[in-house]
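Working notes, beginning with the structure itself.
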Amino acid sequence: MIIPIIIVVVVVFLLVGLYNSLISRRNQVDLTFGNMDVMLKRRYDMIPNLVEVVKQYMTFEGDTLKRITELRSRLTDQSDMNSPARMKVENELTGLLSGLHVAVENYPELKSNERFAQLQSTWTDVEDQIASSRRSYNAAVVSYNNAVEMFPTNVMASWMRYLPMEVLAIAEPERENVSAKELFKN
């Protein structure tokens, strides 16, 4: 009589452990995404200052600056913070901003501007933090996906209807060398 009770108790503890493990990993994914979101918000907040300083010196890049401002507005108004559409816009914004920083090389007076130099330094720090946040997020997603796909937690995950998540991949334009000439042609 005592052996069946022990077996039931062990099974219950095992199920609770599996359940808690899945919840913990999913929460870790949410936490790391939230941390990345904070860094992205800092970047969005810096864009108007960057555009304002750069606009004074760069006369030919008006279309690019306008597009950067449009993308920033779309991202700050975005209600679904975890959508693939948002990541597509993020990747486009990142590509434009990278090209903008390359184009700055053609404007020595802008590079010597103290406000721009400070802004560029802060920008570099924020971009490094975003990259670190992306790595943390991807590590959390891989851990979660392993739990969702590996036995025995995959059984519990299927009962809970947990599905694998996608890692954040680098957009194809980010993998290529940036051509400032192509980005800013009139």
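Take the sequence shown: its letters are residues 106 to 291, numbered as in my numbering.
Think of the CB as a built atom: it goes at the ideal place given N, C-alpha and C, for glycine as much as any other residue.
Alpha carbon to alpha carbon, how far is residue i from residue j?
i: VAL247; j: ARG172; result: 34 Å
i: MET106; j: PHE118; result: 19 Å
i: GLY139; j: SER129; result: 15 Å
i: ASP189; j: LEU202; result: The amino acid occupying residue 189 in the given sequence is Pro; Asp does not appear at that position. So the two alpha carbons sit approximately 20 Å from each other.
i: LYS146; j: GLU195; result: 11 Å
i: ILE110; j: VAL116; result: 10 Å
i: ILE275; j: VAL114; result: 46 Å
i: VAL253; j: ASP230; result: 34 Å
i: ARG148; j: PHE256; result: 40 Å
i: GLY200; j: ASP233; result: 15 Å
i: VAL134; j: ALA245; result: 5 Å
i: TYR242; j: MET144; result: 13 Å
i: GLY167; j: SER178; result: 17 Å
i: THR174; j: ALA222; result: 21 Å
i: ILE300; j: THR258; result: An answer regarding residue 300 cannot be provided, because it is not within the stretch 106 to 291 covered by the chain.
i: LEU120; j: SER237; result: 34 Å
i: LYS193; j: GLY122; result: 37 Å
i: THR227; j: THR137; result: 22 Å
i: ASP182; j: SER263; result: 34 Å
Is the Cβ-Cβ distance between residue i and residue j less than 8 Å?
i: TYR267; j: LEU127; result: yes
i: VAL158; j: ASN218; result: yes
i: MET261; j: TYR124; result: yes
i: LEU273; j: ARG239; result: yes
i: ILE235; j: MET151; result: no
Give the C-beta separation of residue i and residue j to the nearest angstrom, bearing in mind that I take them to be a contact with Cβ-Cβ under 8 Å.
i: ASN250; j: MET265; result: Wrong, their Cβ atoms sit about 14 Å apart, outside the cutoff.
i: LYS160; j: LEU176; result: With 8 Å as the limit, LYS160 and LEU176 do not qualify as a contact, their Cβ atoms being about 16 Å apart.
i: VAL209; j: LEU215; result: 6 Å
i: LEU180; j: ARG191; result: 7 Å
i: LEU205; j: ASN154; result: With 8 Å as the limit, LEU205 and ASN154 do not qualify as a contact, their Cβ atoms being about 13 Å apart.
Measuring only between beta-carbons, confirm whether residue i sits less than 8 Å from chain C.
i: SER263; result: Absent here is chain C; the protein component of the structure consists of one chain.
Inset, instruction - Can you check the region 204-264 for any alpha helix (DSSP H) of at least 4 residues that lies completely inside it and give the ranges in chain order? - result: 213-216, 219-254
Inset, instruction - Any chance you could list the alpha helix (DSSP H) runs of at least 4 consecutive residues sitting entirely within the region 145-200, in chain order? - result: 167-182
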